[in-house]
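These notes are about the structure you will find just below.
In the numbering used here, the protein residues as written are -9 to 416.
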């Protein structure tokens, strides 16, 4: 292990022991100082971010991914608001979940405690740097942040500001650190640092997550890629109002931010909803999004709008997280077929049904295997901020420890406290 990184990890571990003993008022006051420091240093943050954005564009990064990298005043406002929401939340640490007394008089308490030292490996999105640092601090965890090289200038500036805020607020500045060498070897070192790191969270695309899961010796809390679907039933498109609402939901899920994990990638349309939906959906997407259709849904479009890019689907489209202005469309014959398709090709992230049929809604909610299942709403709401967590560590698609948007509770574990009066086991 490189000496500099080993030194950083030792410092994080020592800081976490101190941080675990801090009460809520101290942690909240420290985080408020961080928010103030971010607000004061907007200019330097935006200047650093501009360097990253310029480099990304010069390197040919597609605009949907550049958008994930980009910071502006509104997004800095969002960072600060996220910290304020975290401050207002209950401290999850030190809560006694339950307790009981054994016949021999031993008193047992089950209490929440911090996981310890966590590392997050993530791509682009420098706002993640602030979100995760704030969540970790409130949860009593120290954190190693390892962003992508594309956001290195932004992350260096943000971590410098966060650490200054922690120090100004009387907190523990060594509880937050950035792995900033930019070397890919650095990731392998982090994944094997069992003596220092208690859990690692990968947050990014398929290749990053696969690399972490396959190579980590440290326990992994897996956040997943999002191959998300919306299934449209004929009961939802029986009226003009329903058709307009379906199109509005699909456009929001696809186009509001195409490069994020909760954007829809495939729309499944019941065969009886094709004629009412497809031609109007095509017009709405013309000039905004490439449409890839199976033969039946393509035929239902009729006359193709001039500015619409329309292609035939390929098998690989069903399993692809496009992260771009591309939408696949598949015709299905029933709710059962839609569920079967989603459970086969989906990534257990976010799935939605548009229906006015209560039985279909209940079946979809019960049988779709995903962290978040929506009825008559956009998949774009799968987000810690939207769920009221203030921020998130990522969206977990696994089934152990945490699932869905991960807030403060995802950084806690339990400890049993046993108090006796000299009991011995016989």
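For glycine and all other residues, C-beta sits at the position ideal for the given N, C-alpha and C. Just so you know, these numbers come straight off a predicted model, no measurement behind them.
- The Cβ atoms of residue 252 and residue 372 lie closer than 8 angstroms to each other.
- Here residue 48 is exposed, its C-beta having fewer than 16 other C-beta atoms within 10 Å.
- For the pair residue 311 and residue 215, the CB atoms are nearer than the 8 angstroms cut-off.
- Note on geometry: alpha-carbon atoms of residue 28 and residue 137 lie some 19 angstroms from one another.
- As the crow flies, the alpha-carbon of residue 385 is around 44 angstroms from that of residue 94.
- By the C-beta criterion, the segment 191 to 203 is judged to be in contact with the segment 212 to 229, since at least 3 inter-stretch pairs fall below 8 angstroms.
- If one requires a minimum length of 4 residues, the alpha helix (DSSP H) runs lying completely within the segment 11 to 41 are 14 to 30, in chain order.
- Spanning the alpha carbons of residue 166 and residue 74 requires a straight line of approximately 18 angstroms.
- Rounded to whole angstroms, the gap between the alpha carbons of residue 31 and residue 38 is 11 angstroms.
- In this structure, the beta-carbon distance from residue 180 to residue 111 falls below 8 angstroms.
- Residue pairing from DSSP places residue 403 in a beta bridge opposite 103.
- Per DSSP, reduced to three states, the secondary structure at residue 335 is helical.
- A check of alpha carbon separations from residue 240 across 278, 205, 204 and 211 identifies 278 as the nearest.
- When the beta-carbon positions are compared, residue 313 and residue 54 come within less than 8 angstroms of each other.
- Assigned with DSSP and collapsed to three states, residue 132 falls in strand.
- Restricting attention to alpha helix (DSSP H) runs no shorter than 4 residues, the segment 285 to 331 encloses them at 285 to 291, ordered along the chain.
- In terms of Cβ geometry, residue -5 and residue 164 do not form a close pair [threshold 8 angstroms].
- Counting other Cβ atoms within 10 Å of its Cβ, residue 86 stays below 16 and is therefore classed as exposed.
- Remark: fewer than three beta-carbon pairs, one from each stretch, lie closer than 8 angstroms, so the segment 263 to 275 and the segment 353 to 368 are not flagged as touching.
- When the Cα atoms are used, residue 83 and residue 379 turn out to be separated by approximately 16 angstroms.
- Where residue 87 is concerned, the enclosing beta strand (DSSP E) starts and stops at 86 to 91.
- Annotation for residue 348: the continuous alpha helix (DSSP H) segment containing it runs 348 to 357.
- Boundaries of the beta strand (DSSP E) harbouring residue 343: 340 to 344, taken from the DSSP string.
- Selection 319, 339, 276 and 40 evaluated against residue 222 yields 319 as nearest (Cα-Cα).
- The C-alpha of residue 375 lies about 15 angstroms from the C-alpha of residue 123.
- Below 8 angstroms, too few C-beta pairs join the segment 145 to 162 and the segment 222 to 239 to call them touching: fewer than three.
- Residue 401 and residue 126 do touch by the CB rule: their CB atoms are close to 6 angstroms apart, below 8 angstroms.
- Counting the other Cβ atoms within 10 Å of the Cβ of residue 352 gives fewer than 16, which makes it exposed.
- Between the alpha carbons of residue 392 and residue 190 lies a distance of about 13 angstroms.
- By the criterion of a C-beta distance shorter than 6 angstroms, residue 115 is surrounded in its chain by 58, once the five residues flanking it on both sides are discounted.
- Taking C-beta atoms as the reference points, residue 220 and residue 361 fail to come closer than 8 angstroms.
- Shown here, residue 65 sits in a helix according to DSSP, grouped into three states.
- The C-beta distance from residue 344 to residue 236 rounds to 5 angstroms, short enough to fall under 8 angstroms.
- Contact annotation, residue -2 with residue 161: C-beta distance approximately 18 angstroms; criterion of less than 8 angstroms not satisfied.
- The alpha carbon of residue 13 has as its nearest neighbour, out of 131, 337, 293 and 88, the alpha carbon of 131.
- The criterion of a C-beta distance shorter than 8 angstroms is satisfied by residue 243 and residue 370.
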